[in-house]
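To start, the structure itself, in structure tokens.
In my numbering, the protein residues as written are 9 to 330.
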């Protein structure tokens, strides 16, 4: 889908939107419950607990139980939002996510809080950069990475209505609003935030606003860059990605996740088989070090400048040789 972007300089915490929307859903539907792992504060569930004390289940620091309890609640007709820090929800409970949720087709909304490198100073044990790779490998489990408040709200509503399990990243980084209000949201649907003809940047989550900034800077140099937001890492909007490859001839993929198996890998597999073009992948390689979260993004080139440089590199690859 194509849209005109209405950008603002202010940045917002999408966890607040998560909390507000979850409370709104709980008011509408008595089946909605929240399940957490001693993470009421970090999951921003204090307001939910105050209004619905009998609909918040805290299993303690036991993530396998967390997902198992969520699956049991779903099997009993409830709609559980299972919330925990991304690295622990996905790393410790991967078997339960696969067997109890996806394989069993139980409607569990898995909410990975503070994903990517948001817990920068706590180091590699708390970086959630493998989650997209792990969960893309699980069948019948949509993987969502919303970009801003508008898309986070839409993603929560979509997950609530979807008849099956899904994984939803809830970002901790404050981000600007870049998705136009009322933009349709659906499985495998992307959003074109900026048109361009020379190259396309495909970005998710915290990288979308940075991609837009990079595209604006490149436009000043006469380089026209399309910015494509794909909030569904799985299912991927294959038609939009292949169209971008055909129409712009060069792609850059930017994600706050490991390059092994995430969005970049999905795009590379798709275009490699159907529409090969010069491609540059930006993401995390190896174990991300310990440090300030913003500095970690800089370390891996996950900034507007890093994206701009990647576009120049991929255009150099696509330039005809003399």
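Note that the Cβ used here is the ideal one computed from N, Cα and C, for glycine as well.
Beta-carbon proximity list for residue i, same chain, < 7 Å, skipping 5 on both sides
{"i": "residue 25", "result": "157, 160 and 161"}
{"i": "residue 12", "result": "In this prediction, residue 12 scores a pLDDT of 41, lower than 50, which makes its location untrustworthy; the coordinate-derived value is nonetheless stated afterwards. For residue 12, where only same-chain residues beyond five positions count, the Cβ hits under 7 Å are 188."}
{"i": "residue 246", "result": "278"}
{"i": "residue 315", "result": "209, 218, 219, 222, 260, 262 and 290"}
Beta-carbon separation (whole angstroms), residue i vs residue j, contact threshold 8 Å
{"i": "residue 220", "j": "residue 234", "result": "No, residue 220 and residue 234 are not in contact; Cβ-Cβ is about 11 Å, not under 8 Å."}
{"i": "residue 198", "j": "residue 236", "result": "6 Å"}
{"i": "residue 87", "j": "residue 168", "result": "7 Å"}
{"i": "residue 310", "j": "residue 262", "result": "7 Å"}
{"i": "residue 93", "j": "residue 50", "result": "6 Å"}
For residue i, the residue or residues it bridges with in DSSP
{"i": "residue 288", "result": "260"}
{"i": "residue 88", "result": "41"}
{"i": "residue 121", "result": "93 and 178"}
{"i": "residue 207", "result": "233"}
{"i": "residue 73", "result": "Its beta-bridge partners do not exist; DSSP assigns none."}
{"i": "residue 242", "result": "151"}
{"i": "residue 7", "result": "There is no way to answer for residue 7, as the model of the chain reaches only from 9 to 330."}
{"i": "residue 20", "result": "183"}
{"i": "residue 202", "result": "235"}
{"i": "residue 191", "result": "Bridge partners of residue 191: none, in fact."}
Proximity to residue i [Cα-Cα], best of the options
{"i": "residue 365", "options": "279, 108 and 68", "result": "Because residue 365 is not part of the residues shown, which for the chain are 9 to 330, the question remains open."}
{"i": "residue 138", "options": "296, 322 and 320", "result": "296"}
{"i": "residue 34", "options": "57, 50, 19 and 23", "result": "57"}
{"i": "residue 95", "options": "135, 140 and 66", "result": "135"}
{"i": "residue 212", "options": "78, 55 and 289", "result": "289"}
{"i": "residue 325", "options": "207, 252, 306 and 313", "result": "207"}
{"i": "residue 123", "options": "61, 214, 242 and 282", "result": "214"}
{"i": "residue 173", "options": "147, 196 and 184", "result": "147"}
{"i": "residue 318", "options": "75, 287, 301 and 299", "result": "287"}
{"i": "residue 130", "options": "110, 323, 300 and 75", "result": "300"}
Exposure of residue i, with buried meaning 16 or more beta-carbon neighbours within 10 Å
{"i": "residue 293", "result": "exposed"}
{"i": "residue 180", "result": "buried"}
{"i": "residue 330", "result": "A caution first: residue 330 carries a pLDDT of 46, below 50, which makes its placement in the model unreliable, though a value can still be read off. Exposed, by the Cβ-count rule."}
{"i": "residue 303", "result": "exposed"}
{"i": "residue 104", "result": "buried"}
{"i": "residue 29", "result": "buried"}
{"i": "residue 230", "result": "exposed"}
Cβ shell of residue i (< 8 Å), same chain only, five flanking positions each side left out
{"i": "residue 85", "result": "39"}
{"i": "residue 145", "result": "269"}
{"i": "residue 266", "result": "137, 138, 140, 141, 291, 292 and 293"}
{"i": "residue 312", "result": "218, 219, 221, 222 and 225"}
Close Cβ partners of residue i (< 6 Å) along its chain, the five nearest in sequence each way excluded
{"i": "residue 18", "result": "none"}
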